[in-house]
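Residues in the sequence shown are numbered from 1 upward in steps of one, following UniProt numbering. One structure is given below, encoded as structure tokens.
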Amino acid sequence: MVKEGFLWTLRILVGGLFIFSGLIKVNDPVGTSIKLEEYFDVFSNDIAGFFFYLKPFALYIAVFLVVIEVVLGVMLILGVKSRFTVWSLAGMIVFFTFLTFFSAYFNKVTDCGCFGDAIKLTPWESFYKDLILVVLIGILFLFQMDLPKSSPKWANVSVMLIGIIALSLSIIAIRNLPFIDFRAYKVGVDIEQNMLPSAPLQYDYVMKKGEETLVFDQYPSDESLEFVEMKLKNPEALPKISDFAAWNSDGDFSPQLFVGNKLVFLVSNYLKMNEASLVKFDELFSNLSNAPIELVVMAAATEEEIGALITERNWNATGVQADATVVKTMIRSNPGLMAIKEGVVIGKFHFNNAPDASSVLDLFVK
Numbered sequence: 001m002v003k004e005g006f007l008w009t010l011r012i013l014v015g016g017l018f019i020f021s022g023l024i025k026v027n028d029p030v031g032t033s034i035k036l037e038e039y040f041d042v043f044s045n046d047i048a049g050f051f052f053y054l055k056p057f058a059l060y061i062a063v064f065l066v067v068i069e070v071v072l073g074v075m076l077i078l079g080v081k082s083r084f085t086v087w088s089l090a091g092m093i094v095f096f097t098f099l100t101f102f103s104a105y106f107n108k109v110t111d112c113g114c115f116g117d118a119i120k121l122t123p124w125e126s127f128y129k130d131l132i133l134v135v136l137i138g139i140l141f142l143f144q145m146d147l148p149k150s151s152p153k154w155a156n157v158s159v160m161l162i163g164i165i166a167l168s169l170s171i172i173a174i175r176n177l178p179f180i181d182f183r184a185y186k187v188g189v190d191i192e193q194n195m196l197p198s199a200p201l202q203y204d205y206v207m208k209k210g211e212e213t214l215v216f217d218q219y220p221s222d223e224s225l226e227f228v229e230m231k232l233k234n235p236e237a238l239p240k241i242s243d244f245a246a247w248n249s250d251g252d253f254s255p256q257l258f259v260g261n262k263l264v265f266l267v268s269n270y271l272k273m274n275e276a277s278l279v280k281f282d283e284l285f286s287n288l289s290n291a292p293i294e295l296v297v298m299a300a301a302t303e304e305e306i307g308a309l310i311t312e313r314n315w316n317a318t319g320v321q322a323d324a325t326v327v328k329t330m331i332r333s334n335p336g337l338m339a340i341k342e343g344v345v346i347g348k349f350h351f352n353n354a355p356d357a358s359s360v361l362d363l364f365v366k
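Below, the structure is given as structure tokens:
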């Protein structure tokens with residue numbers, strides 16, 4: 001009886017964690033695919049070149065992984081195909097543990113994306129989390145003969161329905177924007193404010209004097225001390241946005257972006273931009289031509305490519321360049337649209353949901 005209760009508790013813990021992790025990523029499969037592309041880049045350089053050829057399929061792999069996480073978690077809790085479920089979970093956790101160890105030890109990918117953008121873990125935190133799961137799943141693996149041998153029909157049907165729902169939500173999130181935005185550029189955020197520390201940064205100064213290690217709150221004036229390192233005491237105060245930048249041939253455009261009304265057309269990959277959607281934006285920008293709103297085309301592209309796009313579409317816009325990772329973080333759409341008023345994000349739109357002029361005007365007059 002005690003063993004049954006213990007195994008049931010493990011099933012709830014492990015299954016619940018996989019469901020939680022999967023649902024967070026179902027919310028933003030594009031973000032998961034971006035993280036996979038990072039891993040494929042690293043692995044293609046450090047392990048085997050064939051990983052590079054997986055990059056075009058990153059989104060499909062991401063959807064499969066996030067849906068299977070949810071499904072396996074539900075199967076474990078409901079006792080559906082227990083032997084298959086435990087073997088599958090064991091395989092997944094061994095793979096994930098390898099990824100997180102590789103990231104932590106070689107400092108290659110600084111965020112594993114285990115819980116999307118909702119909960120940020122350092123590489124070592126992710127690895128330790130996976131080690132705990134290895135132990136828990138290992139126990140289930142050892143006692144798999146004591147797990148349910150069969151499951152009622154309603155449990156099998158439930159697993160199928162939950163799988164369909166998870167897949168459907170993933171597709172909806174891809175074709176629109178994440179249901180819940182956990183990123184630093186979500187609606188309501190003051191971008192410029194997020195680029196500043198939330199409090200004065202405090203450091204410990206580690207020094208050596210002979211064989212003795214000393215720690216100071218202030219940098220010591222004693223010249224006989226040898227500097228070792230600075231340790232940040234309040235990392236929670238670090239800026240939420242540390243890499244934002246927009247520029248053109250005139251220089252840094254970032255300060256101007258935070259003044260007045262800006263409608264920012266974002267392109268994270270010029271070659272992969274959905275060109276069919278540009279017609280909708282042509283109409284929108286034309287109807288807003290007399291509005292007190294400045295159109296900015298912000299793209300991870302060359303200045304020539306940005307200029308050509310503006311000229312070909314006959315847009316009255318200012319072109320600026322940006323880093324691809326920054327643009328992908330700002331919006332999960334290529335292209336996408338962001339409305340900014342005095343530096344505050346007031347609206348974000350996927351190209352499938354391009355707004356009309358009246359909707360945009362309503363945003364700025366609120």
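Note that beta-carbon positions come from the ideal geometry of N, C-alpha and C, so glycine has one too.
If you draw a straight line from the Cα of residue 90 to the Cα of residue 28, it is about 25 Å long. Boundaries around residue 35 are those of the alpha helix (DSSP H), 29-46, since no beta strand (DSSP E) includes it. Remark: three or more beta-carbon pairs, one from each stretch, lie closer than 8 Å, so the stretch 289-298 and the stretch 259-272 are flagged as touching. Among the bridge pairs identified by DSSP, residue 262 is matched with 294, 340. A check of alpha carbon separations from residue 362 across 165, 344, 339, 200 identifies 339 as the nearest.
According to the DSSP secondary-structure assignment, residue 190 is paired through a beta bridge with 344. Nearest to residue 102 by C-alpha distance, out of 84, 122, 88, 348, is 122. Per DSSP, residue 218 lies in no alpha helix (DSSP H) and is assigned neither H nor E. For residue 204, the enclosing beta strand (DSSP E) covers residues 203-209. Just so you know, the alpha carbons of residue 365 and residue 185 end up roughly 21 Å apart. The beta-bridge partner set that DSSP reports for residue 229 consists of 206. Rounded to whole angstroms, residue 78 and residue 65 show a C-alpha spacing of 20 Å. Burial is judged here by how many other beta carbons sit within 10 angstroms of a residue's own beta carbon; residue 236 has fewer than 16 and is exposed. Going by C-alpha positions, residue 178 is about 25 Å away from residue 129. Secondary structure of residue 248 (DSSP, three-state): strand. Short of 7 Å from the beta carbon of residue 357, and not among the five residues preceding or following it, lie these beta carbons of its own chain, in chain order: 284, 287, 288. Apart from sequence neighbours up to five positions away, the residues of its chain that approach residue 272 with a beta-carbon distance below 7 Å are 334, ordered along the chain. Counting along the chain, residue 80 sits inside no alpha helix (DSSP H), nor does DSSP assign it H or E at all. Straight-line measurement puts the Cα of residue 125 at about 24 Å from the Cα of residue 86. Residue 332 counts as buried, since no fewer than 16 other beta carbons sit within 10 angstroms of its beta carbon. CA-CA distance, residue 45 to residue 99, rounds to 15 Å.
Taking C-beta atoms as the reference points, residue 80 and residue 155 count as a pair closer than 9 Å.
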